[in-house]
Amino acid sequence: IYRRMHGKGKRIEEIKAKPVIRKQWSYGKKIKNAFNKSAKENSIESRCIGDAPHTVFSFKEQNNASDLEIKSLFLQETIIRGILITGSNMTCSRHSSDDMKKAAQAIQESMEVVEKAVSEGKVRQAIEGKVVKQVFRRF
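Here my numbering = 1-based position in the sequence shown + 467.
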């Protein structure tokens, strides 16, 4: 227990000494802007919503593909490009500027794949695994 508590103290000291909060907001804005710009450029009806440190990717049904099918394809494509994004994003100050550039590039390339699949009506066929499901839903 002491080690865990001692480690928390060091993290608090780091947060006070370094620009942790500022970096989280900055990185969150970069992800949000990259997603929204790429969605618009690729005519994908989606947007990144929420405050910069904690954002959510929101997709709309398009060309007979459900929102969750489009989201599944997008997430699949970002993972293929080495970026694990779940759709609910919490930025971390430990990420680097290079990490943000790689994430923005993966988002752009993934949106291009999504746009092609949506326009051809082949979103479901492009998904290699299962379609993601809603975690929180109304009954």
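Glycine included, C-beta positions come from ideal geometry on N, C-alpha and C.
Alpha carbon to alpha carbon, how far is residue j from residue i? Give it in angstroms, no decimals.
i, j, result
"Y469", "C515", "Unreliable placement is indicated for Y469, whose pLDDT of 40 sits below 50; the coordinate value is still reported in the next sentence. When rounded, the distance between both Cα atoms is 40 Å."
"V487", "G588", "43 Å"
"D534", "E595", "17 Å"
"V523", "S555", "4 Å"
"A484", "R478", "10 Å"
"S513", "I550", "19 Å"
"S560", "I547", "24 Å"
"S525", "F541", "11 Å"
"Y494", "E528", "28 Å"
"V598", "R591", "8 Å"
"F603", "A570", "26 Å"
Go to residue i, then tell me how far its alpha helix (DSSP H) extends in each direction, as first and last residue.
i, result
"F541", "D534 to I547"
"S586", "S564 to E587"
Could you spell out the range, first to last residue, of the beta strand (DSSP E) harbouring residue i?
i, result
"V487", "Where V487 is concerned, there is no enclosing beta strand (DSSP E), although the alpha helix (DSSP H) it sits in stretches over V487 to E508."
"A602", "Note that residue 602 corresponds to Val in the displayed sequence, not to Ala. That residue, V602, is in no beta strand (DSSP E); it is neither H nor E in DSSP."
"R514", "S513 to I516"
List the whole-angstrom C-beta distance separating residue i from residue j, where the pair is believed to meet the contact cut-off of C-beta under 8 Å.
i, j, result
"V585", "A532", "6 Å"
"P520", "M557", "7 Å"
If you measure from the beta carbon of residue i to each beta carbon in chain B, is any gap under 9 Å?
i, result
"G596", "This model lacks chain B altogether, as it is built from one protein chain only."
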